[in-house]
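As structure tokens, the structure follows; a few thoughts come after it.
Number of protein chains: 2
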Amino acid sequence: MKIGFVGTGVMGAAIAQNLLDAGHELTVFNRTKSKTAALVTAGASWADTPKKVVEQSEVVFTMVGFPNDVKQVYFEDDGIFAGSNEQTILIDMTTSKPSLAQKIAEYGASRGIKVLDAPVSGGDIGAKNATLTVMVGGQETAYQQVKPLFEKISKKVTLFGPAGAGQHAKMANQIMIAGTMTGLTETLLYTKAAGLDPHKVLDALSAGGAQNWSLSNYGPRILDDDYTPGFFARHFLKDLRIALQEADKMGLDLSATANAKRLYEVMVDVYDLGDQGTQGLINTYSKVDKENK
Amino acid sequence: MKIGFVGTGVMGAAIAQNLLDAGHELTVFNRTKSKTAALVTAGASWADTPKKVVEQSEVVFTMVGFPNDVKQVYFEDDGIFAGSNEQTILIDMTTSKPSLAQKIAEYGASRGIKVLDAPVSGGDIGAKNATLTVMVGGQETAYQQVKPLFEKISKKVTLFGPAGAGQHAKMANQIMIAGTMTGLTETLLYTKAAGLDPHKVLDALSAGGAQNWSLSNYGPRILDDDYTPGFFARHFLKDLRIALQEADKMGLDLSATANAKRLYEVMVDVYDLGDQGTQGLINTYSKVDKENK
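Sequences listed follow chains C and A, in order.
The working numbering applies: residue 1 is where the first sequence begins, and numbers increase by one.
The working numbering applies: residue 1001 is where the second sequence begins, and numbers increase by one.
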């Protein structure tokens, strides 16, 4: 199948590579061209604009940074919609606003173009190992057509409902991760302050009621002082802001998530650590402590 | 081996039953006698006081509610120490203050009595299925002597260091669980408000970066409106209070844990739901929402 991929960052590049490995013909575009180099070496074609990617593809994936990037890449003159026709299926994997996903789907529908929102969970490891979880919103027919592609890049695909439902499911996911990341960070701070062996603590906690994916995957990275982004802190902050805006619209007061957002705000906006992975949150606490002394 | 068990609540009774099933001779005491009935029927002997339990046992486990209960059961006239001698090994499985664990160990040492702090994680299910995690503080020699007993009731036993280290490790564990429980609660509130199928959400989140023990074990119970205590909310609140007191002593500001404590305070102290399990936290949020309308 002819596949297009727009946005080849940490996650996008790994997903695109898996689609290439599955034998598909791949055309790529990324704002920073150098990030497509490995894919092009592996056999992908480069196109100069998102529009040109779509013109050469049956199914186009987008995975960019922020809702504004999504809006731009879909609606600009050289954008996704400019190159689409009634045969095109568009899949936005960016974690973005449910309302924007609905807007894109409605615009697509008005022109006979099928659109799905399909954000993922599982981080860089999940993207590389094709063990992601894909959360889809949109019409059943389009979903069934591209499901075999999702299955090449993930171990779990779920259609949650109409346009925007994939984004809502992803928000639910990020709210959960806000809990595991803040919990993990504070657990390790306590562990070190109490003089316990943090490796023993991670090992014991993994076996009981405290067990979680962040603990198993980010715990060891933190102990190695490895803050390489599996998932950028600034993207996670964006997700939490969207989740809280949506929650606010629904009349929900989610205080744990709001507290996590404030902590990531300090990390990204005050300490300028947004290019670290989400596990870098612990560096913010350390700085707060040092300054208080 | 002759084993004593003082405190046969939800957790204690299940652990004691596993020790009985392993072929040990068991003597039990509980403040509310009726809670020992099933154990006595299964072959355990009843003793009228903690002191009498100890007098008939080589190893005595205690698992009571709060630090003040621990202090009382160890130091009162008819208490644990009153019946102990240099052959006795005492194991407190109550989640309690690290400083109290140190005090008990020091008092024991001054009289030649071996004492361990050994709180557990894994809830009612872990206690029943002997899949608990045991976090131990105290001397290596006493630890080695009773390790085979721990192995009958758990799947993971770790000696973390001297007296109090088991309690510190348990605090680290509870800080992590504060993150998973608040995250899970807010995830489900968001899910319902967004009109997503909560079973599908739990299923998808279990497969990705949001995966955790609370989600898998308490998520389904919440969807069934089952707030039966696997672990009492009032006990969890006690644990969080201890954790934050200890963190404060160490100069740590753990804002996510502090926020979780405030939420459980509302549940236990304002809405009087302390006898529900920790998963009942979601009922507090619902009430807040209704009142704001």
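Note that CB positions come from ideal geometry on N, CA and C, so glycine has one too.
Being a predicted model, the structure only gives us computed values, none of them experimental.
Reference residue i, options the options, closest by Cα
i, options, result
"D69 (chain C)", "C:N30, C:E55, C:K170, C:A109", "C:N30"
"Q56 (chain C)", "C:S45, C:F66, C:V64, C:T36", "C:S45"
"G943 (chain A)", "A:I1125, A:A1127, A:V1120", "Residue 943 (chain A) lies beyond the stretch modelled for chain A, which goes from 1001 to 1293, so this question has no answer here."
"K1249 (chain A)", "C:A193, C:Q276, C:D272, C:T278", "C:A193"
"S1154 (chain A)", "A:M1001, A:A1178, A:G1012", "A:G1012"
"N1129 (chain A)", "A:Y1271, A:T1158, A:K1152, A:K1002", "A:K1152"
"V1064 (chain A)", "A:G1009, A:P1198, A:A1082, A:D1078", "A:G1009"
"G43 (chain C)", "C:T27, C:K33, C:V54", "C:T27"
"N18 (chain C)", "C:L39, C:V6, C:G7, C:A204", "C:L39"
"V1294 (chain A)", "A:V1146, A:G1164, A:G1277", "The first residue shown for chain A is 1001 and the last is 1293, placing residue 1294 (chain A) beyond what the model contains."
"I113 (chain C)", "C:A82, C:V134, C:G4", "C:A82"
"A165 (chain C)", "A:A1163, A:Y1190, A:A1165, A:I1080", "A:Y1190"
"D1117 (chain A)", "A:G1126, A:S1110, A:R1111, A:Q1139", "A:Q1139"
"R111 (chain C)", "C:G251, C:I80, C:G230", "C:I80"
"F1231 (chain A)", "A:S1206, A:I1003, A:A1014, A:K1002", "A:A1014"
"F1075 (chain A)", "A:E1086, A:I1104, A:D1226", "A:I1104"
CB contact below 8 Å: residue i versus chain C
i, result
"I1089 (chain A)", "no"
"M1135 (chain A)", "yes"
"F1150 (chain A)", "no"
"A1127 (chain A)", "no"
"P1261 (chain A)", "In the sequence on display, residue 1261 (chain A) carries Lys and not Pro. It does not; no Cβ of chain C falls within 8 Å."
"G1012 (chain A)", "no"
"T1284 (chain A)", "no"
Inter-residue CB distance, residue i and residue j (contact presumed, cutoff 8 Å)
i, j, result
"G274 (chain C)", "R234 (chain C)", "3 Å"
"P67 (chain C)", "K97 (chain C)", "5 Å"
"Q167 (chain C)", "A101 (chain C)", "5 Å"
"Q1279 (chain A)", "Y1218 (chain A)", "4 Å"
"A169 (chain C)", "L1184 (chain A)", "At roughly 15 Å, the Cβ-Cβ gap does not stay under 8 Å, so A169 (chain C) and L1184 (chain A) are not in contact."
"Y1143 (chain A)", "L1159 (chain A)", "5 Å"
"V1060 (chain A)", "L1090 (chain A)", "5 Å"
"A1260 (chain A)", "T1182 (chain A)", "5 Å"
"V6 (chain C)", "V73 (chain C)", "6 Å"
"A1172 (chain A)", "T187 (chain C)", "5 Å"
"L952 (chain A)", "M1267 (chain A)", "A query on residue 952 (chain A) cannot be resolved here, the shown segment of chain A reaching from 1001 to 1293 and no further."
Chain A contact residues for residue i, given Cβ-Cβ distances below 7 Å
i, result
"S121 (chain C)", "G1208, G1209, A1210"
"A193 (chain C)", "M1250, L1252"
Chain C residues whose Cβ lies nearer than 9 Å to that of residue i
i, result
"Y1190 (chain A)", "H168, M171, A172, I175, A243, E246, A247, M250, L252, L254, T257"
Contact set between residue i and chain A, taken where Cβ atoms lie within less than 8 Å
i, result
"G280 (chain C)", "The premise fails here: G280 (chain C) is roughly 16 Å from chain A at the closest Cβ pair, so nothing lies under 8 Å."
"L184 (chain C)", "M1176, G1179"
"K158 (chain C)", "For the sequence presented, residue 158 (chain C) should be read as Thr rather than Lys. Per Cβ cutoff of 8 Å: K1200, D1203, A1204."
Residue-level contact to chain A via CB, residue i, 8 Å cutoff
i, result
"K155 (chain C)", "yes"
"V73 (chain C)", "no"
"W213 (chain C)", "yes"
"K200 (chain C)", "yes"
"N132 (chain C)", "Sequence check: residue 132 (chain C) is Leu here, not Asn. Yes, contact with chain A."
"A165 (chain C)", "yes"
"L196 (chain C)", "yes"
"G161 (chain C)", "yes"
Beta-carbon neighbours of residue i, restricted to chain C and to distances below 7 Å
i, result
"T1187 (chain A)", "A172, I175, M176"
"G1009 (chain A)", "Result: empty, since nearest Cβ-Cβ is about 17 Å, beyond 7 Å."
Beta-bridge partners of residue i, as assigned by DSSP
i, result
"F1232 (chain A)", "A:G1277"
"K156 (chain C)", "C:T133"
"I3 (chain C)", "C:L26, C:V59"
"D225 (chain C)", "Looking at the DSSP assignment, D225 (chain C) forms no beta bridge with any residue, so it has no partner."
"K1114 (chain A)", "A:I1089"
"V120 (chain C)", "C:V134"
"N212 (chain C)", "A:N1212"
"S1045 (chain A)", "A:T1027"
"G161 (chain C)", "C:G137"
Residue i beta carbon near the ligand GTP (any heavy atom closer than 7 Å)
i, result
"E1058 (chain A)", "You won't find the ligand GTP in this model; it holds no ligand whatsoever."
Proximal chain A residues relative to residue i, where beta-carbon distance stays under 9 Å
i, result
"G138 (chain C)", "Per Cβ cutoff of 9 Å: no residues; G138 (chain C) is ~14 Å from chain A at best."
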